[in-house]
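Novice: Residues in the sequence shown are numbered from 18 upward in steps of one, following the working numbering. Where is the CB? At the ideal position from N, CA and C, for every residue including glycine. None of the values given here were measured: they were computed from a predicted structure.
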Amino acid sequence: MNARRLVILLVMLALMVSLEVVISDRSSGQAAAAPPVTASPEPTAEPTPTPTPYIDLEKTKPNEAGEIPILMFHAFIEELDPEEKYSDDFLRYTQSFSYLRELLGRLYDMDYRMTSMNDFLNNSIEVEAGYKPIIFTFDDGTPSQFSLIEQDGELVVNPKCAVAVLLDFYKEHPDFGLEGTFYVNMGRSPFYEERTSGTILAGTLQERLQYLIDLGFEIGNHTYTHCDLSSITDADTIRQEVGKNQAAMYEAVEGYTFTSLSLPFGITTPELFEYLKSGSYEGTEYRNLGIVEVCWDPAIPPVNPEYDPYSIDRIRSTGFMAEACDFEWWLTQLRDPVYVSDGDPNTVTVPEDYLSLVDQSRLGDKYLRVY
Ligand SMILES: [Zn+2]
């Protein structure tokens, strides 16, 4: 009996001690959170140069003067129907979901990591040291790139679209990143189609665009009607094609400003080019920091003396019909220098031999490190 009482007493004592610890912890937490009674003015700190984080240059071999592949995708299907006759263009611009899945795995193993078009345009690439940035762009807003379906009363990503493949891969490889820019024509109902091979798509225009933005993707301008810009002969129509697309975007998603334009069919208008860069349509201003082409080269980075933000190269991703200069071809040809990140968006690191590929007046607030 006495022994039992002793145990109870000891347990109570232990409880009191632990309670005391909690109470004193709380009070010390409160004390720490409370503002200081007296605040003595701090002297203004001298501006210090941006510190450069240590990385093993020999191991990571960064070269931020190198080229970056910007891929261009259009449409995806499950597989070709052997009974059907397809046009060459369809076969060029369409690929299977399983190819995309396999490509992501290959790029990951080749040390590529996702970066965004906006980070590229701002020369602010945040890829881990020693890894190579890659950019995905999707033109035309096809539902096979991204679409929504309804499931138990909720909007979810259609499992038969490229974004579902990207999300799945990202879940298994979070360090690969999840980025991409979708160039849309607001006059052509992006990410929706009446006829969708048996799948009933859902979501209003606003819901579709907002969903994509909430997933962390970017949306860019591809003109309002996907026009052939070379056939337009007056500035007003150019302003309408670019500006009306922006106005429709503001109407769908308040405050969402396009920062880049993808040329429909890759066709430009040399005479009226200025109106592609910036202008206004019925009171809606637009300004493109970059214009991307349908071209056959990896892109040179913004610090390169030859860099032209209004002529950014892209590489067509390989469709069912492979061709010279498409991405699979490029993977066999990738030339020196390839962009390899130093892991710090504030620093531009280049090997000494590549210093001529950096125009120092284009560094802005970035710190140049040469090794
Ligand atoms: Zn297009």
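Who does residue 89 pair with in a DSSP beta bridge?
Specialist: Start at 1 with the first residue of the sequence shown, and residue 89 comes out as number 72. BP columns for residue 89 point to 154, 333.
Novice: Please identify the residue among 387, 319, 304, 185 whose C-alpha is closest to the C-alpha of residue 277.
Specialist: By one-based count along the sequence shown, residue 277 stands at place 260. That would be 304, whose Cα lies nearest to the Cα of residue 277.
Novice: So for residue 221, helix, strand or coil by DSSP?
Specialist: Here the question's residue 221 lines up with position 204 in the sequence shown. If DSSP states are grouped into helix, strand and coil, residue 221 belongs with coil.
Novice: Taking Cβ positions, are residue 152 and residue 87 nearer each other than 8 Å?
Specialist: In the sequence shown, residue 152 corresponds to position 135, counting from 1. In the sequence shown, residue 87 corresponds to position 70, counting from 1. Yes, the pair counts as a contact, with Cβ atoms nearer than the cut-off.
Novice: Apart from the five residues just before and just after residue 224, which ones in its own chain have a Cβ nearer than 8 Å to its Cβ?
Specialist: Locating residue 224 in the sequence shown gives position 207, where the first residue counts as 1. Once the five neighbours on either side are set aside, the close Cβ partners of residue 224 are 165, 172.
Novice: Just jot down, in chain order, the residues whose CB lies closer than 5 Å to any heavy atom of ligand 1.
Specialist: Going by the Cβ distance cut-off, the answer is 156, 157, 281.
Novice: Between which residues of its own chain and residue 239 is the CB-CB distance below 8 Å, once the five residues before and five after are set aside?
Specialist: The residue given as residue 239 occupies position 222 in the sequence shown. Cβ neighbours of residue 239 beyond the five flanking positions: 156, 157, 158, 200, 201, 202, 262, 278, 279, 281.
Novice: Excluding five sequence neighbours on each side, which residues of the same chain lie with their C-beta closer than 8 Å to the C-beta of residue 217?
Specialist: The count along the sequence shown starts at 1 and reaches residue 217 at position 200. Closer than 8 Å at Cβ, skipping near neighbours: 166, 167.
Novice: Going by the CB atoms, is the gap between residue 154 and residue 111 shorter than 8 Å?
Specialist: Against the sequence shown, residue 111 aligns to sequence position 94. Against the sequence shown, residue 154 aligns to sequence position 137. In this structure, residue 154 does not lie closer than 8 Å to residue 111 by Cβ.
Novice: Alpha carbon to alpha carbon, what distance is there between residue 186 and residue 118?
Specialist: Residue numbering aside, residue 118 sits at position 101 when the sequence shown is read from its first letter. Residue numbering aside, residue 186 sits at position 169 when the sequence shown is read from its first letter. Distance between the alpha carbons of residue 118 and residue 186: 7 Å.
Novice: Counting along the chain, where does the beta strand (DSSP E) carrying residue 385 start and finish?
Specialist: Counted from its first residue, the sequence shown places residue 385 at position 368. Per DSSP, residue 385 belongs to the beta strand (DSSP E) from 384–387.
Novice: So, with DSSP's three-state summary, where would you put residue 200?
Specialist: To locate residue 200, count along the sequence shown from 1; it is residue 183. Note: residue 200 maps to strand in three-state DSSP.
Novice: By the three-class DSSP mapping on this structure, what secondary structure does residue 139 have?
Specialist: Numbered from its first residue, the sequence shown carries residue 139 at position 122. Coil, per DSSP.
Novice: Measure the alpha-carbon distance for residue 146 versus residue 79 and round it to whole angstroms.
Specialist: Position 129 of the sequence shown holds residue 146. Position 62 of the sequence shown holds residue 79. Approximately 7 Å, taken between the alpha carbons.
Novice: Going by DSSP, which residues form a beta bridge with residue 366?
Specialist: Translated into positions along the sequence shown, residue 366 becomes position 349. The partner list for residue 366 (beta bridge, DSSP) reads 386.
Novice: Can you have a look at residue 127 and say buried or exposed, based on whether 16 or more other CB atoms are within 10 angstroms of its CB?
Specialist: As a working note, residue 127 is residue 110 in the sequence shown. When all chains shown are included, residue 127 counts as exposed.
Novice: Just checking residue 341 against ligand 3 - is the residue's beta carbon closer than 7 Å to any of the ligand's heavy atoms?
Specialist: As far as ligands go, the structure on display features ligand 1 and does not contain ligand 3.
Novice: Rounded to the nearest angstrom, what separates residue 353 and residue 221 at their Cα positions?
Specialist: Within the sequence shown, the letter at position 336 stands for residue 353. Within the sequence shown, the letter at position 204 stands for residue 221. About 46 Å.
Novice: Cβ atoms of residue 369 and residue 355: under 8 Å apart, would you say?
Specialist: The residue you call residue 355 lines up with position 338 of the sequence shown. The residue you call residue 369 lines up with position 352 of the sequence shown. No.
Novice: Using a Cβ-Cβ cutoff of less than 6 Å, which residues in the same chain neighbour residue 329 once the five nearest sequence positions on both sides are dropped?
Specialist: To locate residue 329, count along the sequence shown from 1; it is residue 312. Taken in chain order, the residues that qualify are 307, 309, 316.
Novice: Give the straight-line distance between the Cα atoms of residue 2 and residue 144, rounded to the nearest whole angstrom.
Specialist: Any property of residue 2 remains undetermined from this structure, which presents the chain solely from 18 to 388.
Novice: Which residues mark the beginning and the end of the beta strand (DSSP E) in which residue 301 is found?
Specialist: Translated into positions along the sequence shown, residue 301 becomes position 284. Unbroken beta strand (DSSP E) run through residue 301: 301–304.
Novice: Alpha carbon to alpha carbon, how far is residue 323 from residue 379?
Specialist: If you number the sequence shown from 1, residue 323 lands on position 306. If you number the sequence shown from 1, residue 379 lands on position 362. Their Cα atoms are separated by approximately 11 Å.
Novice: Whose CA, out of 318, 267, 339, 344, lies closest to the CA of residue 357?
Specialist: In the sequence shown, residue 357 corresponds to position 340, counting from 1. Of 318, 267, 339, 344, the residue nearest in Cα terms is 318.
Novice: What is the DSSP secondary structure of residue 232, reduced to helix, strand or coil?
Specialist: For the purposes of this step, residue 232 is taken as residue 215 along the sequence shown, with counting starting at 1. In this structure, residue 232 counts as coil in the three-state DSSP scheme.
Novice: So residue 294 packs on residue 327, CB below 8 Å; how close in whole Å?
Specialist: In the sequence shown, counting from the first residue as 1, residue 294 sits at position 277. In the sequence shown, counting from the first residue as 1, residue 327 sits at position 310. So it is a contact: roughly 6 Å between Cβ atoms.
Novice: Give me the residue from 374, 366, 236 with the minimum Cα distance to residue 75.
Specialist: Residue 75 sits at position 58 when you count from the first residue of the sequence shown. Checking every option, the nearest Cα to that of residue 75 belongs to 366.
Novice: Please report the straight-line C-alpha distance between residue 384 and residue 150, rounded to a whole angstrom.
Specialist: The residue given as residue 384 occupies position 367 in the sequence shown. The residue given as residue 150 occupies position 133 in the sequence shown. About 19 Å.
Novice: Below 8 Å on the Cβ atoms is my guess for residue 89 versus residue 331; work out the distance and round it to an integer in Å.
Specialist: Here residue 89 is taken as the residue at index 72 of the sequence shown, counted from 1. Here residue 331 is taken as the residue at index 314 of the sequence shown, counted from 1. The pair is a contact, with the Cβ atoms about 4 Å apart (cut-off 8 Å).
Novice: Does residue 56 pass the burial test, meaning 16 or more other C-beta atoms within 10 Å, or should it be called exposed?
Specialist: Within the sequence shown, numbered from 1, the residue matching residue 56 stands at position 39. At residue 56, the pLDDT of 43 sits below 50, so the modelled position is not reliable; the number obtained from the coordinates is stated separately. It counts as exposed.
Novice: Closest to residue 336 by C-alpha separation, out of 93, 347, 205, 73, would be which residue?
Specialist: Start at 1 with the first residue of the sequence shown, and residue 336 comes out as number 319. Among 93, 347, 205, 73, the Cα nearest to that of residue 336 is on 93.
Novice: Is the beta carbon of residue 246 sitting closer than 8 Å to the one on residue 301?
Specialist: Walking along the sequence shown from the start, residue 246 turns up at place 229. Walking along the sequence shown from the start, residue 301 turns up at place 284. Their beta carbons are not under 8 Å apart, which means residue 246 does not touch residue 301 by this criterion.
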